[in-house]
């Protein structure tokens, strides 16, 4: 009697995800100052990042 074919795992048959690489960066509005910046990055205007100030601006002399 012939043996049934062995099934391949899902990792072998999964295709590479190439559609995520060509996506343009999404923009977000800073809740602190209202300026537009790239999502999940530090705001260039005020230094705000996820609930805290990541960049402390020095006072101009």
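In full-length UniProt numbering, the protein residues as written are 1 to 61.
Glycine included, each C-beta is placed from N, C-alpha and C at the ideal position.
Item	Value
Whose CA, out of 24, 52, 33, 28, lies closest to the CA of residue 39?	28
Quick one: using the 10 Å Cβ neighbour count with 16 as the cut-off for buried, is residue 33 buried or exposed?	exposed
Could you give the first and the last residue of the continuous beta strand (DSSP E) run that contains residue 28?	27–29
Distance check for residue 41 and residue 49, CA to CA, integer angstroms please.	7 Å
My output table needs one value for residue 40: the three-state DSSP class, helix, strand or coil.	coil
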